[in-house]
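Undergrad: Dumping the structure here so I can ask a few things about it.
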Amino acid sequence: MGGKQISSVSREAADRLKLGQSVEPETFESVTVFFSDVVSFTTIAGKGTPLQVVNLLNELYTIFDSIIDKHDVYKVETIGDAYLCVSGLPNRNGHEHVKEISSMSLGFMKSLKEFHIPYLPKENLNLRIGFHTGSVVAGVVGLSMPRYCLFGDTVNTASRMESNGKLSSKYSVEEDEVFGTEEAFGGEEDIGRSP
1 MGGKQISSVS REAADRLKLG QSVEPETFES VTVFFSDVVS FTTIAGKGTP
51 LQVVNLLNEL YTIFDSIIDK HDVYKVETIG DAYLCVSGLP NRNGHEHVKE
101 ISSMSLGFMK SLKEFHIPYL PKENLNLRIG FHTGSVVAGV VGLSMPRYCL
151 FGDTVNTASR MESNGKLSSK YSVEEDEVFG TEEAFGGEED IGRSP
């Protein structure tokens with residue numbers, strides 16, 4: 001587990017959890033949520049033993065964690081080949097979260113150019129990513145096995161950006177759109193949220 005993941009939950013929250021007490025959720029108005037997924041992971045995993053797959057993910061996530069350590073990014077969790085992180089919480093950083101996640105994403109993609117699957121030396125890993133900026137509610141869920149979780153439309157949209165992304169597709173946004181107001185985007189667009 002990366003150092004930022006452990007140290008980013010406040011000391012107060014950690015102390016409350018040790019005492020078996022709950023921790024109040026907190027709203028963060030402006031963060032960037034990031035999801036990634038290894039393309040065709042089920043096929044890649046099916047070609048190796050369970051031990052080889054664990055070693056593959058450990059090696060990949062060790063590289064990703066070292067990239068995260070160079071950015072103001074908090075690793076929320078990994079589930080199998082899915083990787084979730086966020087910038088702008090628990091430490092608010094103005095609009096820097098967009099730059100932090102963008103730079104980290106480029107670092108992830110660059111690292112894959114030199115990454116080799118040990119048990120499939122002729123195959124490369126491809127990563128599908130998605131991220132979105134907006135507000136979230138963050139909180140610790142559970143007492144016996146507490147987890148720091150993120151909730152809200154921003155999380156759902158980032159997840160859909162990843163899951164619906166096409167391999168090697170690029171989406172471009174102008175800097176003034178990223179840092180502008182809602183009007184810079186022409187208002188809010190419904191992208192399949194539940195009412």
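Going by full-length UniProt numbering, the sequence shown opens with residue 1, and the numbers climb by one from there.
Glycine is no exception: its CB is placed at the ideal position from the N, C-alpha and C atoms.
Only a predicted model underlies this, so the values are computations on that prediction, with no experimental measurement involved.
With a floor of 3 residues, list each beta strand (DSSP E) that falls wholly inside the UniProt domain "Guanylate cyclase" (32-162), ordered by position along the chain.
TA: 74-79, 82-87, 127-141, 147-151
Undergrad: Would you kindly work out how many angstroms separate the C-alpha atoms of Gly-152 and Thr-43, rounded to a whole number?
TA: 32 Å
Undergrad: Mind checking who Glu-26 pairs with in its DSSP beta bridge?
TA: Ala-138
Undergrad: Please state if the CB of Ser-159 and the CB of Phe-35 are separated by a distance shorter than 9 Å.
TA: yes
Undergrad: Quick check on Glu-174: buried or exposed, where buried means 16 or more other Cβ atoms within 10 Å of its Cβ?
TA: Reliability fails at Glu-174, whose pLDDT of 42 lies under 50, so the model's placement of it is uncertain and no value is given.
Undergrad: Label Met-109 either buried or exposed according to how many other C-beta atoms from any shown protein chain fall within 10 Å of its C-beta, with 16 as the threshold for buried.
TA: exposed
Undergrad: Alpha carbon to alpha carbon, what distance is there between Leu-56 and Val-66?
TA: The amino acid occupying residue 66 in the given sequence is Ser; Val does not appear at that position. When rounded, the distance between both Cα atoms is 16 Å.
Undergrad: Assign Asp-69 to buried or exposed, taking buried as 16 or more other Cβ atoms, counted over all protein chains shown, within 10 Å of its Cβ.
TA: exposed
Undergrad: Given a threshold of 16 other Cβ atoms within 10 Å of its Cβ, counted over all protein chains shown, does Met-145 qualify as buried or as exposed?
TA: Exposed is the call here.
Undergrad: Between Ser-135, Leu-127, Val-136, which has its C-alpha nearest Ser-163's C-alpha?
TA: Leu-127
Undergrad: Inspect the CB distances between the segment 132-148 and the segment 75-93 and report whether three or more fall short of 8 Å.
TA: Contact between the segment 132-148 and the segment 75-93 is present, because at least three Cβ pairs lie under 8 Å.
Undergrad: Is it true that the CB of Leu-125 sits closer than 9 Å to the CB of Val-39?
TA: yes
Undergrad: For the segment 82-99 against the segment 115-123, do three or more pairs of beta-carbon atoms, one drawn from each stretch, fall closer than 8 Å, so that the two count as touching?
TA: No: the two stretches stay apart, fewer than three of their Cβ pairs being nearer than 8 Å.
Undergrad: Val-86 and Val-137 look like a contact to me (Cβ under 8 Å); what is the Cβ gap, rounded to whole Å?
TA: About 12 Å; that fails the 8 Å criterion.
Undergrad: Comparing C-alpha positions only, which one of Gly-88, Tyr-83, Gly-48 sits nearest to Ser-135?
TA: Gly-88
Undergrad: Which same chain residues end up closer than 8 Å to Gly-165 when comparing Cβ atoms and leaving out the 5 residues on each side of it in sequence?
TA: Arg-128, Ile-129, Gly-130
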